[in-house]
Structure formats: structure tokens, C-alpha cells
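Peer 1: This is the structure I have questions about; it appears just below.
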Amino acid sequence: SVMLGNALVDLYAKCGILAKAQEVLEELHVRDVVSWSSLIAGYAQQGQGHEALDCFEKMQREGSSPPNEVTFICILKACGGIGAIDKGKQIHNEIASGGVLRNNIMLGTALVDMYAKCGVFAKAAQVLKELPIQDTISWNALITGYSQEGEFHEVLKCFQQMQQDGVSPNEVTFLCVLNACARTGNLDEAKMYYESMSTEYGITPKLEHHACMVVVFGC
Numbered sequence: 081s082v083m084l085g086n087a088l089v090d091l092y093a094k095c096g097i098l099a100k101a102q103e104v105l106e107e108l109h110v111r112d113v114v115s116w117s118s119l120i121a122g123y124a125q126q127g128q129g130h131e132a133l134d135c136f137e138k139m140q141r142e143g144s145s146p147p148n149e150v151t152f153i154c155i156l157k158a159c160g161g162i163g164a165i166d167k168g169k170q171i172h173n174e175i176a177s178g179g180v181l182r183n184n185i186m187l188g189t190a191l192v193d194m195y196a197k198c199g200v201f202a203k204a205a206q207v208l209k210e211l212p213i214q215d216t217i218s219w220n221a222l223i224t225g226y227s228q229e230g231e232f233h234e235v236l237k238c239f240q241q242m243q244q245d246g247v248s249p250n251e252v253t254f255l256c257v258l259n260a261c262a263r264t265g266n267l268d269e270a271k272m273y274y275e276s277m278s279t280e281y282g283i284t285p286k287l288e289h290h291a292c293m294v295v296v297f298g299c
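Right, dumping it as C-alpha cells:
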């Protein structure tokens with residue numbers, strides 16, 4: 081049955097046995113959006129972006145089941161992972177023209193993340209700004225992208241804007257912010273942000289946050 085076939089594809093994909101997952105999918109008489117998305121998600125999770133894109137293109141060529149939100153989120157993750165910006169833009173256009181993006185925060189965040197990972201920060205910031213709600217995860221997608229590219233002043237600017245907009249940072253945000261302070265030599269700011277984690281936001285600093293402070297005091 082389709083349900084059993086989908087369950088097998090999903091099981092093999094989640095276990096990282098992707099050749100077997102693909103083999104099972106290809107043997108199914110009916111391949112639906114669930115089976116395709118499970119395989120694409122598996123490749124994306126394993127960092128095999130090119131294989132994920134190949135599956136996505138096969139799915140579209142077959143045309144029997146259009147991609148859904150889960151498919152798009154997984155394929156955008158794959159594009160970000162391999163820096164496939166042209167394909168990412170193409171998928172963005174497809175999402176926008178299909179009206180899937182409207183009021184969809186998870187999909188919007190996946191787009192921000194894809195553009196940020198590809199280093200296209202102006203577009204990432206634009207997509208973030210156009211989201212109906214900017215939450216911690218969508219802001220983190222942009223902030224993490226800046227941090228990974230060494231754009232530490234932009235990390236701090238985003239953090240200030242995020243706070244002005246009333247969005248609460250989390251552990252990931254503070255890790256990027258403390259790292260940015262360490263790299264830019266902002267000792268006073270680092271101490272202030274580090275203390276605010278527990279006093280203002282109730283976040284217990286972890287080993288990674290302590291390590292950033294060691295770097296700050298070593299500057």
C-alpha cells in the first residue's frame with residue numbers, strides 16, 4: 081500500500097540509509113508528496129544537497145504530486161547547504177507564485193536561512209522584513225548567517241533591532257552575539273549581554289557562552 085511504502089521510505093531516510101529509501105520509493109506504484117518529501121528531507125539532513133535537488137527535480141518532472149510546505153522547507157535547506165543560490169531563487173519564485181508563502185512563518189524562515197547561508201544578506205533581510213511575524217527563529221537565521229560569514233557588526237546591529245522589535249533572543253542568538261563581541265573587542269557590551277541572559281531572559285549560560293567570555297577577556 082501507499083501508506084506502508086511511505087512509512088518504509090521515511091524509516092530508511094530517517095536512519096540515513098538513503099540508497100535503500102530511494103530504491104523503495106522508485107519501486108512504489110504511486111509516489112506522492114509524502115514519499116518524495118521524506119527522501120528529500122533525508123538527503124537534506126545528511127548534507128547531501130545535490131542528491132536532494134536531483135530528487136526534487138525528478139518529483140517535479142513526474143508531476144503527479146506538487147511539492148508542499150515540508151518539501152519546500154527541506155529543499156531550501158539543501159540549497160543553503162550547498163550554496164545553490166540560483167536554484168534557491170527559482171524555488172522562492174515558485175513558492176511566491178503559488179501563494180504558499182502567505183502567513184507561513186516556517187517557510188519564510190527557511191527562505192531567510194537559505195539566502196543567509198548563501199551570503200545574500202540583503203535578500204535574507206528583505207524576506208525577514210516581509211514576514212507577517214518576525215520571531216526568534218527567523219531572526220536567528222539572519223544573525224547566524226552574518227556570524228558564519230564574519231559580519232560581526234551586522235550581528236550586533238540585528239540584535240539591537242530584534243530587541244527594539246520586542247523579539248526575545250535565545251541561547252543561539254546570545255552565542256552569535258557574544259562571539260561577535262569577542263571578535264570586535266567589545267568587552268563592556270559582552271559583559272552586559274552575558275549578564276542579561278540570566279537577569280533579563282532567564283537563560284542559563286552554557287559552556288559555549290562561557291567559552292566566548294574567555295575569548296572576550298583574552299582580547
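The numbering used here puts the first residue of the sequence shown at 81, with every later residue one more than the last. Where is the CB? At the ideal position from N, CA and C, for every residue including glycine. Keep in mind it's a predicted model, so treat the numbers as computed, not measured.
Can you tell me the Cα-Cα spacing of Ala101 and Val180, whole angstroms?
Peer 2: Residue numbering aside, residue 101 sits at position 21 when the sequence shown is read from its first letter. Residue numbering aside, residue 180 sits at position 100 when the sequence shown is read from its first letter. Distance between the alpha carbons of Ala101 and Val180 is about 28 Å.
Peer 1: Determine the closest residue to Tyr123 out of Ile153, Met83, Asp193, with distance taken between C-alpha atoms.
Peer 2: As a working note, residue 123 is residue 43 in the sequence shown. Tyr123 has its Cα closest to that of Ile153, out of Ile153, Met83, Asp193.
Peer 1: Using 8 Å as the cut-off, can you tell me whether the stretch 161 to 180 makes contact with the stretch 197 to 209, which would need three or more C-beta pairs spanning the two stretches below that distance?
Peer 2: Yes, the stretch 161 to 180 is in contact with the stretch 197 to 209.
Peer 1: Could you give the first and the last residue of the continuous alpha helix (DSSP H) run that contains His290?
Peer 2: As a working mapping, residue 290 is identified with position 210 in the sequence shown. Per DSSP, His290 belongs to the alpha helix (DSSP H) from 287 to 298.
Peer 1: Determine the contact status of Cys238 and Ile223, defining contact as a CB-CB distance below 8 Å.
Peer 2: Counting from one through the sequence shown, the residue named residue 238 turns up at place 158. Counting from one through the sequence shown, the residue named residue 223 turns up at place 143. For Cys238 and Ile223, yes; Cβs fall inside 8 Å.
Peer 1: What does the alpha-carbon distance come out to for the pair Lys209 and Glu234?
Peer 2: Walking along the sequence shown from the start, residue 209 turns up at place 129. Walking along the sequence shown from the start, residue 234 turns up at place 154. Distance between the alpha carbons of Lys209 and Glu234 is about 15 Å.
Peer 1: So Ala132 and Ile155 are in contact, right, with Cβ under 8 Å, and what is the actual spacing, rounded?
Peer 2: To locate residue 132, count along the sequence shown from 1; it is residue 52. To locate residue 155, count along the sequence shown from 1; it is residue 75. With 8 Å as the limit, Ala132 and Ile155 qualify as a contact, their Cβ atoms being about 6 Å apart.
Peer 1: His300: which of Val104, Leu187, Phe254, Leu211 sits nearest, CA to CA?
Peer 2: Missing from the structure shown is residue 300; the chain here goes from 81 to 299 and no further.
Peer 1: Among the candidates Thr264, Gln128, Trp219, whose CA atom is the shortest distance from the CA of Met186?
Peer 2: Taking the first residue of the sequence shown as position 1, residue 186 is located at position 106. Out of Thr264, Gln128, Trp219, Trp219 has the C-alpha closest to the C-alpha of Met186.
Peer 1: From which residue to which residue does the alpha helix (DSSP H) around Ser118 run?
Peer 2: The residue you call residue 118 lines up with position 38 of the sequence shown. Where Ser118 is concerned, the enclosing alpha helix (DSSP H) stretches over 113 to 125.
Peer 1: Cα separation between Leu108 and Lys94?
Peer 2: On the sequence shown, position 28 is the one that residue 108 refers to. On the sequence shown, position 14 is the one that residue 94 refers to. Distance between the alpha carbons of Leu108 and Lys94: 18 Å.
Peer 1: Less than 8 Å between the C-beta atoms of Val296 and Leu267, yes or no?
Peer 2: In the sequence shown, counting from the first residue as 1, residue 296 sits at position 216. In the sequence shown, counting from the first residue as 1, residue 267 sits at position 187. Yes, the pair counts as a contact, with Cβ atoms nearer than the cut-off.
Peer 1: Does DSSP put Ala164 in a helix, a strand or coil?
Peer 2: Stepping through the sequence shown from its first residue, residue 164 is reached at position 84. In this structure, Ala164 counts as coil in the three-state DSSP scheme.
Peer 1: Can you tell me whether Asp193 is buried or exposed? The criterion is at least 16 other CB atoms within 10 Å of its CB, across all chains shown.
Peer 2: In the sequence shown, the residue the question calls residue 193 occupies position 113. Per the 10 Å Cβ criterion, buried.
Peer 1: Cα separation between Tyr281 and Ser227?
Peer 2: On the sequence shown, position 201 is the one that residue 281 refers to. On the sequence shown, position 147 is the one that residue 227 refers to. One C-alpha to the other measures close to 21 Å.
Peer 1: For the ligand HEM, is there a heavy atom less than 7 Å away from the beta-carbon of Val89?
Peer 2: The ligand HEM is absent from the structure shown, which contains no ligands of any kind.
Peer 1: Going by DSSP, what residue range makes up the alpha helix (DSSP H) through Gln128?
Peer 2: Indexing the sequence shown from 1 puts residue 128 at position 48. Counting along the chain, Gln128 falls outside any alpha helix (DSSP H), and DSSP gives it neither H nor E.
Peer 1: Give a yes or no on whether the C-beta atoms belonging to Val110 and Asn148 are separated by under 8 Å.
Peer 2: Locating residue 110 in the sequence shown gives position 30, where the first residue counts as 1. Locating residue 148 in the sequence shown gives position 68, where the first residue counts as 1. Not in contact: Val110 and Asn148 (Cβ atoms no closer than 8 Å).
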